[in-house]
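In mature numbering (1 follows the signal peptide of the UniProt record, and there is no 0), the protein residues as written are -26 to -1, 1 to 434.
Listed below in structure tokens is the structure:
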């Protein structure tokens, strides 16, 4: 029979101390592991945040006309207008890509951005190769925030390209597109204020042709430099913007413009100062009728700012007495299986190109998407652009109606979701003094066109 060792108080105390020691060591080990895991997760989060990010946009595809021949990269656009209905009407090939990298040091941060753009069309400010293709630097700037003396604002400097657009018309109505410096997010009342200064030269060449086909030649190879002081203020559903500009050179220039078949040469004098103001209100429903939103925008510019309404930077000069104003209503409505984007716009320019010049543009249109399911939509777009241009002695006036049907593949049921793969067919009808001669494969005796093609589009 085995001897039984009796337990006494000393034995029990020793056993208790051993258990307490084991529990304490386990608790310390658990806390150490948790701290190590937390530290490792923080390091991974920092590495992820500071990793190089890639963002971009592109559209690529082809367009052919009714004869089966290539239509090149021609935009289906009314003369003397500031936009076009882009579903089936825009250039086939365009790409913008941007890289960014964030840096964190003791709570402060900086983020660097660098972007390039490629496009397959004529445009006045870019360098071309022998095939009329171009690549240019779109942005190169740095932002800094959470600095010790100003933790709630963001500073920036470099070349930026920020904008807001009327998507259906492929028209940017407000841009900061220039080298500059600024600060964002200053508390003011119930909103936030941004301030910026930009500085840019006019076109590099003595002679250039703008997007409307107007050729401008500066005297004595002048290249005026425009400086802009701008402010933006956002509060609730409101956004206000304004800028003052000065110009380094009041040089004269000549304008070669064909109006209703008559080519004339006119003289302008570059404005030495200018101003731009904008007000936008965003209604968080579609006129109170259904889900969606509506943007109401009014803009006015004079002097140097009238050359390209709403753009700060990368513009040429306006005539000394130029004025430019625009109002539009841009809506997006959502129903069960439908989404509809509508636009109504009016813009008028006086004396912008030269004394006595007038240009009016107005448009009404809509794009709808009917979703057969989450991945297949039928898109329809219809719009009319009306415009006129006149000098003191000559005037032309007309319009362009476009109708597009585009079966579209998507990843989800949302109007602005991308990527999309779409096939499209577009019928265009010119009216008044306008014709289809600007489109590849057509001449001045043609007043309508039929084109079709396929395109991929994505932004990310």
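Think of the CB as a built atom: it goes at the ideal place given N, C-alpha and C, for glycine as much as any other residue.
- Shown here for residue 403: same chain residues with a beta carbon closer than 6 Å to its own, the five before and five after excluded, namely 375, 422 in chain order.
- The beta-carbon separation of residue 54 and residue 363, rounded to 4 Å, stays under the 8 Å limit for a contact.
- Boundaries of the beta strand (DSSP E) around residue 160: 145 to 162.
- For residue 168, the secondary structure class from DSSP, reduced to helix, strand or coil, is strand.
- Of the other Cβ atoms in all chains shown, fewer than 16 fall within 10 Å of the Cβ of residue 236; this residue is therefore exposed.
- When C-alpha distances from residue 338 are compared across 140, 88, 18, 33, the shortest belongs to 140.
- Sorting 109, 382, 15, 331 by C-alpha distance to the C-alpha of residue 347 places 382 at the top.
- Residue 252 and residue 147 have their alpha carbons spaced roughly 10 Å apart.
- Sequence-distant Cβ neighbours of residue 145 in its own chain, meaning closer than 7 Å and more than five residues away, are 56, 57, 139.
- Between residue 172 and residue 181, the beta carbon gap of about 25 Å keeps them out of contact (Cβ cut-off 8 Å).
- Per DSSP, residue 122 lies in no beta strand (DSSP E) segment and is marked neither H nor E.
- When the Cα atoms are used, residue 296 and residue 48 turn out to be separated by approximately 30 Å.
- For residue 431, the enclosing beta strand (DSSP E) stretches over residues 422 to 433.
- From the listed residues 317, 115, 149, 81, the smallest Cα separation to residue 121 is found for 81.
- Three or more Cβ pairs closer than 8 Å define a contact, and the stretch 272 to 284 meets that threshold against the stretch 238 to 248.
- For the 8 Å CB-CB criterion, residue 431 and residue 394 form a contact.
- Here residue 400 is near residue 62, since their CB atoms are less than 8 Å apart.
- When beta bridges are read from the DSSP output, residue 241 appears opposite 228.
- Judged by DSSP secondary structure, residue 88 falls within the beta strand (DSSP E) whose first and last residues are 82 to 93.
- Assignment of beta-bridge partners to residue 31 by DSSP yields 70, 433.
- Residue pairing for residue 370: DSSP places it in a beta bridge opposite 363.
- For residue 199, the enclosing beta strand (DSSP E) begins and ends at 199 to 209.
- Comparing alpha-carbon positions, the option among 270, 311, 331, 209 lying closest to residue 238 turns out to be 331.
- Cβ contact annotation for residue 167 (same chain, cutoff 6 Å, sequence separation greater than five): 160, 207, in chain order.
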